[in-house]
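First up is the structure itself, then whatever we jot down about it.
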Amino acid sequence: MDDMTNFYDLIIIGGGPAGLSAAIYGGRAKLKTLVINKGVVGGLVNTTREIVNYPGYEQISGPELMKNFKKHAESFGVEFLRDEVVDADLSLREKLVTTKKGKQFLAKAVIIACGSEPRLLNIPGEKRLQGNGVAYCATCDAEFFEGEHVVVVGSGDQAIEEGMYITKFASKVTVIVLHDEGILDCNKVSSERAFNNEKMEFIWNSTIEEVLGNENVEGVKIKNLKTGNIEEVNCQGVFFFVGMVPSTNFLKNSGLEVDSRGYISANELMETSFEGVYAIGDNRVKYLRQVVSAAGDGATAAVAAERYIEELNDFNESILKSEKRVLLLFLDALVNENLRFRTLIEEVNRELVDCYRIKEVNIATKKNLIGKYNVRNVPEIIVLDHGNEIKRLKYTMDKEQLKSQLS
């Protein structure tokens with residue numbers, strides 16, 4: 001690709017709170033950063049009417065908070081593109097991203113922040129009333145149904161545990177269950193607690209047919225699977241807990257490691273199975289899915305990506321472009337023996353008329369190079385020619401033996 005306008009230091013796939021936080025940190029680090037988002041910036045947070053648990057805001061709407069996130073990122077020069085990523089070759093040194101509109105972009109690092117989506121039943125009224133009584137997160141929205149009647153759809157661990165949380169606020173929680181009376185899909189402890197909760201009621205052998213209401217939820221239509229009878233139940237809120245689906249289909253041919261549900265595995269630095277590729281927010285395997293934890297993911301990944309890019313740039317300039325062979329010296333700068341070995345290597349190289357270029361790698365800060373060259377013990381010296389490994393020296397403090405290995 002010759003068009004340099006399509007080359008970025010950092011591409012972020014997804015514009016929810018995780019992606020926007022990463023963008024803020026990327027832009028502030030003066031990385032040329034692009035956020036590609038297929039819908040309105042903000043993701044699922046845009047369906048939340050009020051947020052009262054994000055630090056610094058006693059009360060703010062989801063769309064307003066995300067607008068602030070985006071404005072902050074733009075102040076650091078971050079670019080935004082409304083498009084959908086449909087393919088990504090992440091195994092390359094320069095990552096290739098392709099969008100639905102046929103555009104292609106290269107980046108030194110990629111952060112995947114495409115999030116996840118609630119599994120929809122696609123019944124009438126569900127999409128239309130999202131954010132106006134239809135919800136998918138009890139922690140986010142339960143308190144807005146203080147003293148009201150709420151219907152919960154689902155009977156797994158998430159549905160029952162979230163339903164019990166909703167009872168802290170709602171006057172009554174009615175759970176719609178597909179199975180016969182007394183049978184839930186959740187764990188035994190949760191089911192016993194739910195049955196003993198005075199605010200929880202159950203409608204068995206049933207499914208939801210429609211969410212009713214004009215501007216806000218006013219009720220639901222429920223069908224009994226055994227009799228076929230349909231009844232209307234008045235309520236002010238409907239919470240769907242029939243599963244979440246990570247938005248990672250575009251990765252199916254990329255080779256990136258995902259679990260059986262499609263969630264991406266990442267370590268504490270948000271690093272994935274590919275070097276220079278990071279996963280943050282709701283599309284990764286994680287414990288808590290909240291705006292505040294997504295923002296933390298984004299900050300971590302962007303800082304990790306910045307350091308990776310710094311290493312990559314340094315590697316390209318000092319190693320790949322070096323006319324001399326390079327002595328890649330891995331050491332621990334806090335260990336005196338390692339420092340004495342560095343001094344010895346410098347002396348040997350001077351006696352060899354500086355025929356090598358010495359590149360020092362401190363294991364405390366250069367994690368990517370350590371992994372790249374599979375360094376297990378330090379000090380370690382690898383001889384490179386234009387980035388290609390020629391040999392590894394045997395560690396010794398004997399000057400003549402070192403000189404012999406390098407001659």
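Numbering (the UniProt record's numbering), first residue to last: 1 to 407.
By construction, the Cβ of each residue, glycine as well, lies at the ideal position given by its N, Cα and C atoms.
Everything numeric in this text was worked out from a predicted model, so none of it was measured.
In the DSSP assignment, find the unbroken beta strand (DSSP E) run with residue i in it and report its ends.
{"i": "D385", "result": "380-385"}
{"i": "E201", "result": "200-203"}
{"i": "D87", "result": "85-89"}
{"i": "Y287", "result": "Counting along the chain, Y287 falls outside any beta strand (DSSP E), and DSSP gives it neither H nor E."}
{"i": "T174", "result": "172-176"}
{"i": "T139", "result": "Looking at the DSSP string, T139 is not in any beta strand (DSSP E); the run it does join, the alpha helix (DSSP H), is 138-141."}
{"i": "M244", "result": "244-246"}
Under a Cβ-count criterion, where at least 16 other Cβ atoms within 10 Å of its own Cβ denotes burial, should residue i be classed as buried or exposed?
{"i": "D2", "result": "Annotation note: pLDDT 48 at D2 (below 50); position unreliable, coordinate value reported separately. D2 should be labelled exposed."}
{"i": "S404", "result": "exposed"}
{"i": "N283", "result": "buried"}
{"i": "Y8", "result": "buried"}
{"i": "L329", "result": "buried"}
{"i": "T343", "result": "exposed"}
{"i": "K95", "result": "buried"}
{"i": "A73", "result": "buried"}
{"i": "K38", "result": "buried"}
{"i": "M397", "result": "exposed"}
{"i": "P55", "result": "exposed"}
{"i": "E198", "result": "exposed"}
{"i": "A333", "result": "exposed"}
{"i": "E58", "result": "exposed"}
{"i": "L352", "result": "exposed"}
{"i": "N53", "result": "exposed"}
{"i": "L65", "result": "buried"}
{"i": "residue 483", "result": "Because the chain spans 1 through 407 in this model, residue 483 falls outside it and cannot be assessed."}
With distances taken Cα to Cα, identify the nearest neighbour of residue i among the options.
{"i": "N377", "options": "I390, Y395, K391, D385", "result": "Y395"}
{"i": "A170", "options": "E148, N187, V153, E181", "result": "E148"}
{"i": "D87", "options": "K108, I112, N229, E79", "result": "I112"}
{"i": "V78", "options": "G371, T98, G19", "result": "G19"}
{"i": "N132", "options": "F105, V348, G16, F239", "result": "F239"}
{"i": "K399", "options": "E389, Y136, N349", "result": "N349"}
{"i": "residue 469", "options": "V40, V211, N249, A194", "result": "Missing from the structure shown is residue 469; the chain here goes from 1 to 407 and no further."}
{"i": "V220", "options": "N205, E74, Q236", "result": "Q236"}
{"i": "L31", "options": "S155, Y308, R82, C140", "result": "Y308"}
{"i": "Y263", "options": "I160, G115, N197", "result": "G115"}
{"i": "G156", "options": "G371, P55, A194", "result": "A194"}
{"i": "L288", "options": "F69, A138, Y25", "result": "A138"}
{"i": "F76", "options": "E64, V110, L121, Y25", "result": "Y25"}
{"i": "R93", "options": "K100, V110, I183", "result": "V110"}
{"i": "G62", "options": "N253, I160, Q290, S407", "result": "Q290"}
{"i": "C355", "options": "S407, F80, R261, L81", "result": "S407"}
{"i": "I390", "options": "T33, N368, P379, V326", "result": "V326"}
{"i": "V258", "options": "G243, V242, F241, A279", "result": "A279"}
{"i": "N6", "options": "N122, F80, Y57, E64", "result": "F80"}
{"i": "G154", "options": "V134, S318, G125, L184", "result": "L184"}
{"i": "F69", "options": "V85, E84, A22", "result": "A22"}
{"i": "V85", "options": "K252, L331, C140", "result": "K252"}
{"i": "V217", "options": "E351, F241, L393, K127", "result": "K127"}
{"i": "C140", "options": "A29, S318, E50, G371", "result": "E50"}
{"i": "L331", "options": "G102, P379, D83, E209", "result": "P379"}
My assumption, with CB atoms under 8 Å, is that residue i sits in contact with residue j. Please give the rounded CB distance.
{"i": "Q130", "j": "T47", "result": "5 Å"}
{"i": "V142", "j": "I176", "result": "Note on identity: in this sequence residue 142 is Ala, with Val being the wrong assignment. That pair is no contact at about 17 Å."}
{"i": "G387", "j": "L320", "result": "5 Å"}
{"i": "V42", "j": "G14", "result": "The sequence shown places Gly at residue 42, not Val. Wrong, their Cβ atoms sit about 11 Å apart, outside the cutoff."}
{"i": "Y373", "j": "I381", "result": "The pair is not a contact, with the Cβ atoms about 11 Å apart (cut-off 8 Å)."}
{"i": "I11", "j": "I36", "result": "7 Å"}
{"i": "V245", "j": "R119", "result": "5 Å"}
{"i": "E201", "j": "T227", "result": "That belief does not hold up - the Cβ atoms of E201 and T227 are roughly 19 Å apart, past 8 Å."}
{"i": "L91", "j": "F250", "result": "The amino acid occupying residue 91 in the given sequence is Ser; Leu does not appear at that position. That pair is no contact at about 15 Å."}
{"i": "K286", "j": "S318", "result": "Not quite, the Cβ-Cβ distance comes to about 36 Å (not below 8 Å), so this is no contact."}
{"i": "I203", "j": "I230", "result": "At roughly 12 Å, the Cβ-Cβ gap does not stay under 8 Å, so I203 and I230 are not in contact."}
Can you give me the start and stop residues for the alpha helix (DSSP H) that residue i sits inside?
{"i": "residue 419", "result": "Only positions 1 to 407 of the chain appear in the structure, and residue 419 is not among them; the question remains open."}
{"i": "E79", "result": "Element bounds for E79: not the alpha helix (DSSP H) but the beta strand (DSSP E), 79-82."}
{"i": "V348", "result": "336-351"}
{"i": "E94", "result": "From DSSP, E94 is part of no alpha helix (DSSP H); its letter is neither H nor E."}
{"i": "E310", "result": "291-315"}
{"i": "Y165", "result": "157-166"}
{"i": "L406", "result": "399-406"}
{"i": "G62", "result": "62-74"}
{"i": "F195", "result": "188-195"}
(message) Check whether the segment 299-306 and the segment 261-276 touch, using three or more Cβ-Cβ pairs below 8 Å as the test.
(response) yes
(message) Check whether the segment 312-323 and the segment 332-347 are in contact - that is, three or more C-beta pairs closer than 8 Å.
(response) no
(request) Kindly confirm or deny that the segment 290-298 and the segment 357-372 touch, where touching means at least three C-beta pairs closer than 8 Å. (result) no
(request) Determine, using beta-carbon pairs with one atom in the segment 187-206 and one in the segment 95-113, whether at least three such pairs fall under 8 Å. (result) no
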